[in-house]
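Going by my numbering, the sequence shown opens with residue 341, and the numbers climb by one from there.
We treat Cβ as the ideally placed atom computed from N, Cα and C, and that holds for glycine.
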Amino acid sequence: MTPTPARTLRLILGDQLNPLHPWFENVSEDVVYVLMEVRQETDYVLHHAQKILAIFAAMRDFARQLREAGHRVRYINIDSPSNRQSLTDNLDALITHCGATTVQYQAPDEWRLDAQLAAWRDGLISQGLCVEMVGSHHFYTERDEAARLFEGRRNWLMEHFYRHMRRQHGVLMETPIKPVGGQWNFDHDNRQPWRGSPPEPTDWRQQHDHQAPWQTIVASGVASFGEPRAGQLAWPLNRAEALQHLDAFIQHALPHFGQFQDAISQQSWRLFHSLLSFALNVKMLSPREVVARAEGAWREGHAPLAAAEGFIRQILGWREYVRGVYWAHMPGYAQHNKLAHQGPLPAWFWTGETRMACMAQAIGQSLEQAYAHHIQRLMVIGNFALLVGVNPQAVHRWYLGVYIDAFEWVELPNTLGMSQFADGGLLATKPYVSAAAYLDRMGDHCAGCHYQKKERLGERACPFNALYWDFHIRHAPLLRHNPRIGMVYKQIDKMTPEAIAAIQTKAKDLQARVDTL
C-alpha cells in the first residue's frame, strides 16, 4: 500500500476535544489529525468502565466532526491490528507511513504525558524532524502563572489567587478593584442542608447507546471496574451536547446551587451540581464561556449572587489554582505523604458494601455513576480515608480511576493536598476532617445508619467520631499550633488520660477491622 503523503501530523489527545481550537480554522490536504485509543492510557491506572467508554466515544465523535468538516483524520481504534498501544510508537509508525516532516501536538495537561512527548520530541529533532508543541487555548492561565504569583510565599492561599483572577479578567467586578456586592466570597450563604425542597432537577443528560464499543473494549483486554452502563452512557459526546447541558444547568440548577453546594443527601446523588466537569476537562466547553454564562445569569436576575459567585469560584478560582499547584510542584508532588499514612484502601471502596450509610452512598454512587460531587469526595470519602490513615497515593489512584472528570492535573492536588493533607498544608490551611456531627448537620444519612452518630466508644458508635479525635491526638505535633483548629486541642486538653486512651484503643480497633465496618 502506497503511503499517503502528508507533511504534517497533528496529535489530539483524549482530553483535547475542542472544535474551536485554531488548528481547525482551515482545512489542508497536507495535515492529518491523529487520534488514538491506546492501552498506554487505559492501563496506567485502573479506570472506571464509564470513564474509558465516555472518552473513547467522545474521541470517535470528534473524529467524525473533523471528517465532516473536511479534515483528514487517522483514527486508531483500540482493537486495530496496527495499534502499537503507545502514543509515541504509533506516531513513529505514522511518520514513516505518511512521509511526514512535521509533527505538532497540543500541550498535555498531565506531567507524565508532557515528559513522554518532550523526550520523544527531542529524539526526533536530533534526527532532523520538526516537532512542535502548541498551546491548548483552553485555560485562563499559563502553566507557571500561579507559581509566579506565589513566588516567595510559604502557603499558596487560593483566595489570594482567586481575587487576582477576578481583577485580571473583570469577572463579577463593580470597578477594576471592587467586587460586586462589596465582598469577594459568599461562602457563609452557601452552607445549608437540603431537606427535599426545592426539588432537585431531573437528569438532563442525553443517553447514548454504546453497547458495541464497550464489547470491543472488553474484547481488547482492557481492565476496568465500576458499572459500565453500556447502552445508557449519559455523558456528553460533543460540544453541542455539552452546551445543552450548560443551558440546563444555568436554567434549572444554578439558582439553587450556591445555597446547597455543601449539602449531602441520600435522596439525591447530584443535588444542584452542574455535571459539567467532564465536558470542561476534555475541553468541549471553555471555562470562559461557562463563567460568562453564570455571571450573565446573575446580571439578568435569574440566579442570586451567592450562587453565581460560588460556582464561578470553582471554575475561575479553584480549577485554575490547582492546575498551577500541579505544574509548580510536579513530579515530586505525587509522592507527598506528610502524615506518613500507610493504611490500605478499604476493600469496600471497590464494592460500596459498608454499614456506614454516608460512605455506602458516596462509594456506591461513585461506582455506579463514575461521579460524586465535591462534598462527597472531600467530606465523606476523603474525610474517612484521612481519619483512618489510608496511604494517600492509594487514595489518589482510586480517585484518578473512578471519576469521569479525573485527570491528574486537577485530581492530584485535590486529593493529596485538599483531601488528604499529604503536602502538609501547602494547598489547604487545615486538614478537612470532621466527626459525625458535621455529616449529620449537612446531610440526612445518620437517621437510618447502622451506627449511632452521638456515640464515640460503643460497639455501634459512628467510626468517624473516635477516628476524628484520634487523628488529632496522633498528629498533635504537626497540628496543635494551627490557628484554624486550636479549639480541637483545647477540648483534647480537657480530656482525662483514661478518655484519651479509650479513644486511641477504639481507633486502633477500627483501623484493624476497617474492611468490616
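Exercise. Should the stretch 696 to 715 be regarded as contacting the stretch 486 to 505, the criterion being three or more beta carbon pairs within less than 8 Å?
Worked result: The stretch 696 to 715 vs the stretch 486 to 505: no contact.
Exercise. So what does P519 bridge to, in DSSP terms?
Worked result: Looking up residue 519 in the sequence shown gives position 179. Per DSSP, the beta-bridge partners of P519 are M513.
Exercise. Where does I517 land, buried or exposed, given buried means 16+ other C-beta within 10 angstroms?
Worked result: Against the sequence shown, residue 517 aligns to sequence position 177. Exposed, because fewer than 16 other Cβ atoms sit within 10 Å of the Cβ of I517.
For this session: With a threshold of 16 other CB atoms inside 10 Å of the CB of S368, please say whether the residue is buried or exposed.
Result: As a first step, residue 368 is located in the sequence shown; it is residue number 28 there, counting from the start. Answer is exposed; the Cβ neighbour count stays below 16.
For this session: Please work out which residues of its chain come closer than 8 Å, Cβ to Cβ, to A646, disregarding the five sequence neighbours upstream and downstream, and give them in chain order.
Result: Here the question's residue 646 lines up with position 306 in the sequence shown. Cβ within range, chain order: F526, D529, N530, G598, Q599.
For this session: Determine the DSSP secondary structure at I435, reduced to helix, strand or coil.
Result: Locating residue 435 in the sequence shown gives position 95, where the first residue counts as 1. I435: helix per DSSP, three-state reduction.
For this session: Check the DSSP bridge columns for T442 and list the partner residues they point to.
Result: Numbered from its first residue, the sequence shown carries residue 442 at position 102. Beta-bridge pairing links T442 to T348, C470.
Exercise. Is F396 helix, strand or coil when you go by DSSP?
Worked result: Numbered from 1 along the sequence shown, position 56 holds the residue referred to as residue 396. If DSSP states are grouped into helix, strand and coil, F396 belongs with the helices.
For this session: Starting from R781, follow the alpha helix (DSSP H) in both directions and report where the run begins and ends.
Result: To locate residue 781, count along the sequence shown from 1; it is residue 441. Segment 776 to 782, the alpha helix (DSSP H) holding R781.
Problem set entry | Nearest to L353 (by Cα), restricted to the options L453, Y829, G439, A346 | Counting from 1 along the sequence shown, the entry for residue 353 is found at position 13. Nearest option by C-alpha distance: L453.
Problem set entry | Through-space distance from R639 to G650, alpha-carbon basis | As a working note, residue 650 is residue 310 in the sequence shown. As a working note, residue 639 is residue 299 in the sequence shown. In a straight line, the C-alpha of G650 is about 15 Å away from that of R639.
For this session: Give the single residue among A787, Y661, E799 whose Cα lies nearest to the Cα of H500.
Result: The sequence position of residue 500 within the sequence shown is 160, counting from 1. The closest CA to that of H500, considering only A787, Y661, E799, is found on Y661.
For this session: Could you check how far apart the C-beta atoms of Q390 and I744 are, in whole angstroms? I think they sit under 8 Å.
Result: Within the sequence shown, the letter at position 50 stands for residue 390. Within the sequence shown, the letter at position 404 stands for residue 744. Q390 to I744, Cβ: 6 Å. Contact.
Exercise. So does the stretch 678 to 688 actually touch the stretch 729 to 748, counting three or more Cβ pairs closer than 8 Å?
Worked result: The stretch 678 to 688 is in contact with the stretch 729 to 748.
Exercise. Leaving out the 5 sequence neighbours to the left and right, which residues in its chain are closer than 8 Å to C470 when beta-carbon positions are compared?
Worked result: Residue numbering aside, residue 470 sits at position 130 when the sequence shown is read from its first letter. So the qualifying residues of the chain are T441, T442, V443.
Exercise. Among G463, V631, G672, A668, which residue has its Cα nearest to the Cα of I655?
Worked result: Taking the sequence shown and counting its residues from 1, the one referred to as residue 655 is at position 315. With distances taken between Cα atoms, I655 lies closest to V631.
Exercise. Out of curiosity, what's the CA-to-CA distance linking M341 and H437?
Worked result: If you number the sequence shown from 1, residue 341 lands on position 1. If you number the sequence shown from 1, residue 437 lands on position 97. Summary for M341: the model assigns pLDDT 45, below 50, so the residue's position carries little reliability; its value from the coordinates is reported in the next sentence. One Cα belongs to M341, the other to H437, and the distance between them is close to 10 Å.
Problem set entry | Local Cβ density within 10 Å of K848, reported as buried at 16 or more and exposed below that | Reading the sequence shown from its first residue, position 508 is the one you call residue 848. Of the residues assessed, K848 falls on the exposed side of the cut-off, its CB having fewer than 16 other CB atoms within 10 angstroms.
Exercise. What is the DSSP secondary structure of A725, counted as helix, strand or coil?
Worked result: Counting from 1 along the sequence shown, the entry for residue 725 is found at position 385. Here A725 sits in helix by DSSP.
Exercise. Nearest chain C C-beta to P686 closer than 8 Å, yes or no?
Worked result: No chain C appears in the structure shown, which is made up of a single protein chain.
For this session: State the start and end residues of the unbroken beta strand (DSSP E) segment that holds I416.
Result: Taking the sequence shown and counting its residues from 1, one reaches residue 416 at position 76. For I416, the enclosing beta strand (DSSP E) begins and ends at 412 to 416.
Problem set entry | Run of the alpha helix (DSSP H) containing Y373, from where it starts to where it stops | To locate residue 373, count along the sequence shown from 1; it is residue 33. No alpha helix (DSSP H) contains Y373, which is instead part of the beta strand (DSSP E) from 371 to 376.
For this session: Evaluate contact between the stretch 393 to 406 and the stretch 420 to 433, counting only Cβ atoms and requiring at least three cross-stretch pairs below 8 Å.
Result: Short answer: they don't touch.
Exercise. Exposed or buried, which one is A852 when buried takes at least 16 other CB atoms within 10 Å?
Worked result: Indexing the sequence shown from 1 puts residue 852 at position 512. A852 should be labelled exposed.
For this session: Taking T691 as the reference, give the member of L857, W363, D449, L431 with the closest Cα.
Result: Taking the first residue of the sequence shown as position 1, residue 691 is located at position 351. Sorting L857, W363, D449, L431 by C-alpha distance to the C-alpha of T691 places L857 at the top.
Exercise. Quick one: Cα of Q551 to Cα of I416, how far?
Worked result: Mapped onto the sequence shown, residue 551 falls at position 211. Mapped onto the sequence shown, residue 416 falls at position 76. Distance between the alpha carbons of Q551 and I416: 19 Å.
Problem set entry | Helix, strand or coil at L616 according to DSSP, with G and I counted as helix | Position 276 of the sequence shown, counted from the start, is the residue given in the question as residue 616. Coil.
For this session: Measure the alpha-carbon distance for G722 versus T755 and round it to whole angstroms.
Result: Locating residue 722 in the sequence shown gives position 382, where the first residue counts as 1. Locating residue 755 in the sequence shown gives position 415, where the first residue counts as 1. Straight-line Cα distance between these residues: approximately 8 Å.
Problem set entry | Status (buried if at least 16 other CB within 10 Å, exposed otherwise) for A710 | Here residue 710 refers to the residue found at position 370 when the sequence shown is read from its first residue. Its Cβ being crowded by 16 or more others within 10 Å, A710 is buried.
For this session: Spatial neighbours of P538 within its chain, please: CB distance less than 8 Å, with the 5 preceding and 5 following residues excluded, ordered by chain position.
Result: Along the sequence shown, read from residue 1 onward, the residue named residue 538 stands at position 198. Within the same chain, P538 has close Cβ partners H596.
Problem set entry | Unbroken stretches of the alpha helix (DSSP H), 4 residues or longer, contained in the stretch 788 to 838 | Whole alpha helix (DSSP H) segments, 4+ residues: 803 to 814, 816 to 819, 826 to 833.
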